[in-house]
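For the record, in the sequence shown the residue sitting at position 40 is 40 according to UniProt numbering, with numbers rising by one throughout. Where a beta carbon is used, it is the ideal one built from N, C-alpha and C, also for glycine.
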Amino acid sequence: MEFPGITVGGGFAGPSGESSSFKYGFFGNILESIEVVLGKGDIVTASGTKLPDLLEASCGSLGTLDIITLLHIQLTEAKEFVQLDCYPGFHVPKAIEKI
Numbered sequence: 001m002e003f004p005g006i007t008v009g010g011g012f013a014g015p016s017g018e019s020s021s022f023k024y025g026f027f028g029n030i031l032e033s034i035e036v037v038l039g040k041g042d043i044v045t046a047s048g049t050k051l052p053d054l055l056e057a058s059c060g061s062l063g064t065l066d067i068i069t070l071l072h073i074q075l076t077e078a079k080e081f082v083q084l085d086c087y088p089g090f091h092v093p094k095a096i097e098k099i
């Protein structure tokens with residue numbers, strides 16, 4: 001994740017996008033599998049081949065379907081010469097000045 005305020009769990013439960021989302025999809029699209037605790041206490045693993053509906057539904061559910069306990073992430077090598085400058089703020093005119 002590019003922005004320091006977004007956690008891995010939050011990026012999945014959110015769901016979250018970033019500058020490479022146009023190529024790889026949202027954060028939930030790069031997961032190989034998840035382990036979750038369901039409402040009745042069952043611990044299950046979901047992936048593209050095992051419980052794929054649960055994997056897809058959990059992404060962006062904000063924790064309403066399950067509690068995420070483990071995420072298996074598919075990593076991609078970072079390319080050379082990539083730079084991101086982040087200027088946190090909530091005031092649009094000041095943000096425009098920074099740009």
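List the whole-angstrom C-beta distance separating residue i from residue j, where the pair is believed to meet the contact cut-off of C-beta under 8 Å.
i   : j   : result
L71 : F12 : 6 Å
L55 : S61 : So it is not a contact: roughly 11 Å between Cβ atoms.
In whole angstroms, what is the alpha-carbon distance linking residue i and residue j?
i   : j   : result
T7  : P15 : 11 Å
G25 : G17 : 8 Å
E27 : P88 : The amino acid at residue 27 is misidentified as Glu; the sequence shows Phe. When rounded, the distance between both Cα atoms is 21 Å.
T69 : I43 : 9 Å
G41 : K23 : 36 Å
G9  : L51 : 19 Å
Taking the continuous beta strand (DSSP E) assigned at residue i, which residues delimit it?
i   : result
S47 : 43–47
Which residue marks the beginning of the alpha helix (DSSP H) containing residue i, and which one marks its end?
i   : result
E56 : 52–58
K98 : 92–98
By DSSP's criteria, residue i is part of a beta bridge. Which residues make up the other side?
i           : result
L31         : I73
residue 135 : Nothing about residue 135 can be reported from this structure: the residues present for the chain run from 1 to 99 only.
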